[in-house]
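To start, the structure itself, in structure tokens.
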Amino acid sequence: MTLTVSRREFLKVSTLLGGGLALEFSFPMLSRAAAGGPGTEVNAWIVIHPDERVVIRIARSEMGQGTFTALAQLVAEELDCDWSRVSAEFASPNENFRRNHVWGAMSTGGSRGVRTSQDYVRKAGASARQMLVTAAAEQWGVPVAECTVDRGVITHAASGRKLRYGQVATAAARIAPPKEVTLRDPKDWKIAGKPLHRLDIPDKVMGKPVFGVDVSLPGMLHASIAQCPVFGGKLVSVDASAAGKMRGVKRIVREDNFVAVVADSWWRADEALKKLVIQWDAGSYAHASNDTVTAMLQEGLAASDLPQARMMGDTATALKGAAKVVEAEYHAPYINHATLEPQTCTAWFKPEGFLDIWTSTQDGEASMIAAAAASGLPLEKIEVHKMMLGGGFGRRGGPQDFVTQGVLIAKALPGVPVKLMWSRSEDMRHGFYRPASIVRMKAGLDAQGHLVALHTKVACPSILKILRPAALPKNGVDPTAVRSFYDMPYAVPNQQVDYAMRNGHVPVGFWRAPGQQNAFYRECFIDELAAMAGQDPVAYRQSMLKEDDKNRLVLEAVARAAGWGTPLPSGMYRGVAVADGFDSFTATVAEVSVNAKGEPRVHRVVVAIDSGYVVNPDTCRAQAESNVIFGLGSILYQENNLKDGSIVESNFHDFRLPQISEMPQVETLLVPTGGFWGGHGEPAILALAPAVCNAIYQATGTRVRSLPLKHHDLLRHSSLGNEAGVT
Amino acid sequence: MLELNVNGRIMRVDVEPEMPLLWVLRDHLGLPGTKYGCGISACGACTVHLDGEAVRSCSVPVSTAQGKKVTTIEGLSKHGLHAVQKAWIEHEVPQCGYCQTGMIMATVALLEKHPQPTDAQIDEIVTNLCRCGTYARVRKAIHALAKS
């Protein structure tokens, strides 16, 4: 055991030793922080070592979005330390619980990692800086005001004396934190705002064991799981007579809704799992299919007395008086997150009632709570070791099913660490899917084609109802289901948005930018209206956005950068869309061609994003690139179909991910205007699908009103084929 | 008992001959840098080298690897980082990083065969799947390596 550096780590070691067993698993990042002698915890976020190394604690999870580094940059900026000596580690969920949530929320979703913690992490850095300077001033017997700091060196200019942070950290830790601190103006940033190298990348390119699936503990066993193919079904019986005799198999664990095989390697567990003869009670959804989902959503659209997500003006009257009324219906299917690292959880019931969990989680505290519920142990006896995530995208935050299962399996083998990993087919067929939805929009236009009334009906399962029922507003309107409509920025005097919550049995979840299908529906429909009015799609949108609306600013920025209105090579077509979300504003122009076989190709995507401030421009650009390719798969071919109550797709042969050959050229314009903090993990996906589909309309004359594109005949039509219904 | 040459070391392991090389590496030899993503050769997260050729170890029975040199991400470079790993850091290629060890192994094999690869050759050979969307940077890093 080497983690004996700080008070916090002392606590952690105590917990582990209290369980009677020392931990032999080493985290590359922790061991690096721990090497070279003890450090001092100046405050919960910052440990400073005598050799000037600074360890910054990160409460949010890292799934590739760069938060691990961006938050460290913000702390280091205010601390004013030497960035080359900075490393980062995850804060402990157990300690957060015991220390009265000193690190705030650990939940990592909704592009919140930086934007909702920037204030208190910067204050933590500034507070520690002040304590360190005060300690130096006290040692010298000079006023604090006479001391300056630069990269971890405190200077008293009048006497020419200098002290390093490492020399005063112990004294600083005893000083009461200042009641108020002044944060730096972002224009003065030296560490934040810069495209610094990410702290987690070296370990990842070396193949160090940083992910949940990489956990290795003494005597550890491996588990593979089978869940009822029909969501909500139950296990009836298992014949394990063949499987139980297979090499390496240690235990068959039967639970209410799954069965798992535990063996001495994962492959042996999985091979034995395939030999189980399992009887399931599929329950009442054994015959659910795409058709029953469609029927459920259509029934929702037809229902009266739906709750409203927005009521502005008098939409019904305005529609009656409109010169033209246009109606269209749009649809998008269920889609799995398909994180490349399957769901995983290692659990270890130790003597004396301690439980340790290692998992790839977007919310370490939610993992701890799930482990407590499944184990019956109190929270203080549970530690969750947060691992790097092999992709998250919303799959590993709200739902903690993998932790519940991991704990239940390990509970059957007390004293033995057991690592559960799902097979790809389990992962594909037991997700928390992007909801399938149908939206009907009815627009009233005046004689000039201006949009004067918009009535939108959304039929969509509720993510909050499934995953966070307490957060569902009383009127039953899930904001993730009506995104982009209830908060539409266009100045349309009469707006009504009705929401039909229709849930079905397929679990839905926070799939990257939850509710982003609505941006596709809205921005494609707006494009239809612009075409009908004979107006340019950019100009039509501009006319509905106030001069200083940030949606307008990003729209204009992207149009300029993409060369909107300038000629394109033969066969190339542009589409545009604008959307805001996660407190950021984005607009996208896509350049698309469709070949003689009707196959679309996206060549270039220009994204403009205004997030207020930018903490690491390189990782923000990487997130835009990520949103483009993640979104592209869902536009081109991804869908999860339902047959006999179960998901049809099982692996990447029938749920394709785009390859390198399909990656468009992505140009990201970061246009931060300051004064607010927006996210980067999700916003850039919002305007992608509509920009691509609007370009496809230009290329083919076909209005794409449902995704994925693989179901559409995109051969160029001689005349504009499928205009929206005009009355 | 099977005898394997992994990263220049002779290792003996008592496993079924049909066990895929991936699981021998991960669960029996303590080399977790090689990842499981699909088990059907679709994603390439499990890419290792067999006698210098990139293979998808989830679909290679361990018996096939006998008598051949197995190289994993852990053994890619004997001294410090391999040039491809350095380029990956320099160009900030990984996001979540889960697919990247396989991506790096595929790239090393590509560059051995085609030191100056065209875009078409990259498309044809580096078919590993990345869910995060690092492809633009993978390509950029490969071209930078080809120049250096």
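Chain order of the listed sequences is A and B. Using the numbering used here, the letters of the first sequence correspond one by one to residues 1 to 727. Using the numbering used here, the letters of the second sequence correspond one by one to residues 1001 to 1148. Cβ coordinates follow ideal geometry from the N, Cα and C atoms, glycine included. Predicted model, so just to flag it, every value in this text is computed and none were measured.
Item to complete: Mind reading off the beta-carbon distance from glycine 1102 of chain B to alanine 1045 of chain B? Whole number of angstroms is fine, and I expect it under 8 Å.
Response: 4 Å
Discussion item. Counting only Cβ pairs nearer than 9 Å, list the residues of chain B close to asparagine 640 of chain A.
Written reply: Ordered by position in chain B, no residue passes the 9 Å Cβ test against asparagine 640 of chain A, which lies about 15 Å from the chain.
Worksheet entry | Delimiting residues of the alpha helix (DSSP H) encompassing serine 634 of chain A | 617–636
Worksheet item: Roughly how far, in whole angstroms, is the beta-carbon of valine 1070 of chain B from the beta-carbon of leucine 1004 of chain B, given that I think they are within contact range, below 8 Å?
Response: 6 Å
Worksheet entry | Separation of proline 1094 of chain B from isoleucine 58 of chain A, as counted between CA atoms | 20 Å
Worksheet entry | Residue span of the alpha helix (DSSP H) that contains isoleucine 1142 of chain B, given as start and end | 1135–1147
Worksheet entry | Burial state of alanine 22 of chain A, where buried means 16 or more other Cβ atoms lie within 10 Å | Unreliable placement is indicated for alanine 22 of chain A, whose pLDDT of 31 sits below 50; the coordinate value is still reported in the next sentence. Result: exposed.
Worksheet item: At what residues does the alpha helix (DSSP H) containing glutamine 343 of chain A begin and finish?
Response: Unbroken run through glutamine 343 of chain A: none, as it is neither H nor E.
Practice prompt. Take glycine 104 of chain A as the anchor and find which of A:Ser111, A:Asp119 and A:Met544 has the nearest alpha-carbon.
Written response: A:Asp119
Worksheet item: Can you name, in chain order, every residue of its own chain whose Cβ lies under 6 Å from the Cβ of valine 1084 of chain B, other than the five neighbours on each side?
Response: Ile1104, Thr1107 and Val1108
Worksheet item: When DSSP builds the beta bridges, which residues end up paired with methionine 388 of chain A?
Response: A:Phe211
Worksheet item: Do the CB positions of alanine 689 of chain A and isoleucine 609 of chain A come within less than 7 Å of each other?
Response: no
Item to complete: Count the other C-beta atoms from every protein chain shown that fall within 10 angstroms of the C-beta of asparagine 694 of chain A, then say buried if there are 16 or more, exposed otherwise.
Response: buried
Discussion item. Could you check whether alanine 303 of chain A and alanine 500 of chain A sit closer than 7 Å to each other, using their CB atoms as the reference points?
Written reply: yes
Item to complete: Would you verify that the beta carbon of leucine 23 of chain A is, or is not, closer than 7 Å to some beta carbon of chain B?
Response: Low per-residue confidence applies at leucine 23 of chain A: pLDDT is 33, beneath 50, and the placement is therefore not dependable, though the value from the model is reported in the following sentence. It does not; no Cβ of chain B falls within 7 Å.
Fill in: asparagine 551 of chain A, DSSP secondary structure in three states
helix
Practice prompt. Could you name the residues that DSSP lists as bridge partners for serine 661 of chain A?
Written response: DSSP output for serine 661 of chain A lists no bridge partner at all.
Worksheet item: Of the residues that make up the stretch 194–217 of chain A, which ones have a beta carbon closer than 9 Å to any beta carbon in chain B?
Response: Pro195, His197, Arg198, Asp200, Ile201, Pro202, Asp203, Lys204, Val205, Met206, Gly207, Lys208, Pro209, Val210, Phe211, Val213, Asp214, Val215 and Ser216
Discussion item. I'd like to confirm the pairing. Which residues does DSSP put opposite arginine 356 of chain A in its beta bridges?
Written reply: Correcting the residue type first, residue 356 of chain A is aspartate in the shown sequence and not arginine. The partner list for aspartate 356 of chain A (beta bridge, DSSP) reads A:Trp348 and A:Glu383.
Practice prompt. Give the straight-line distance between the Cα atoms of glycine 109 of chain A and glutamine 65 of chain A, rounded to the nearest whole angstrom.
Written response: 10 Å
Fill in: Under 9 Å by beta carbon: chain B residues contacting threonine 339 of chain A
Cys1096, Tyr1098 and Arg1131
Fill in: Supposed close pair proline 1032 of chain B, valine 1062 of chain B - CB separation, criterion 8 Å
Proline 1032 of chain B to valine 1062 of chain B, Cβ: 16 Å. No contact.
Discussion item. Going by the DSSP bridge assignment, what does tyrosine 573 of chain A pair with across the sheet?
Written reply: A:Val592
Discussion item. Less than 7 Å between CB atoms is the rule here; does isoleucine 647 of chain A satisfy it with respect to chain B?
Written reply: no
Worksheet item: Would cysteine 957 of chain B count as contacting chain A if we go by Cβ distances under 7 Å?
Response: The first residue shown for chain B is 1001 and the last is 1148, placing residue 957 of chain B beyond what the model contains.
Worksheet item: If you measure from the beta carbon of isoleucine 1089 of chain B to each beta carbon in chain A, is any gap under 7 Å?
Response: yes
Item to complete: Identify the contact partners of methionine 63 of chain A in chain B, using a Cβ-Cβ distance below 9 Å as the criterion.
Response: Gln1095, Cys1096 and Cys1132
Practice prompt. Counting only the same chain and skipping the five closest in sequence on each side, list residues whose C-beta sits under 7 Å from that of methionine 1011 of chain B.
Written response: Leu1004 and Leu1029
Worksheet item: Does the beta carbon of proline 28 of chain A sit closer than 7 Å to a beta carbon anywhere in chain B?
Response: Residue placement at proline 28 of chain A cannot be trusted, given a pLDDT of 40 that sits under 50; the coordinates are not used to answer.
Worksheet entry | the stretch 202–210 of chain A touching the stretch 402–413 of chain A, judged by at least three CB pairs closer than 8 Å | no
Worksheet entry | Among A:Gly449, A:Asp150, A:Asn641 and A:Val458, the one whose alpha carbon lies nearest that of serine 291 of chain A | It should be noted that the sequence gives aspartate, not serine, for residue 291 of chain A. Ranking A:Gly449, A:Asp150, A:Asn641 and A:Val458 by Cα distance to aspartate 291 of chain A puts A:Asn641 first.
Discussion item. Using the Cβ count rule (16 or more neighbours within 10 Å means buried), how would you classify asparagine 1009 of chain B?
Written reply: For the record, residue 1009 of chain B in the displayed sequence is arginine; it is not asparagine. So arginine 1009 of chain B counts as exposed.
Practice prompt. Using three-state DSSP, classify leucine 21 of chain A as helix, strand or coil.
Written response: With a pLDDT of 30 at leucine 21 of chain A, under the threshold of 50, the modelled position of this residue cannot be trusted, and the question is left open.
Discussion item. Please list the terminal residues of the continuous alpha helix (DSSP H) segment that includes phenylalanine 402 of chain A.
Written reply: 401–411
Discussion item. For chain A, check one thing: does any of its Cβ atoms lie closer than 7 Å to the Cβ of glutamine 1116 of chain B?
Written reply: no
Item to complete: State the Cα-Cα distance for the pair alanine 243 of chain A and isoleucine 278 of chain A, rounded to the nearest angstrom.
Response: 11 Å
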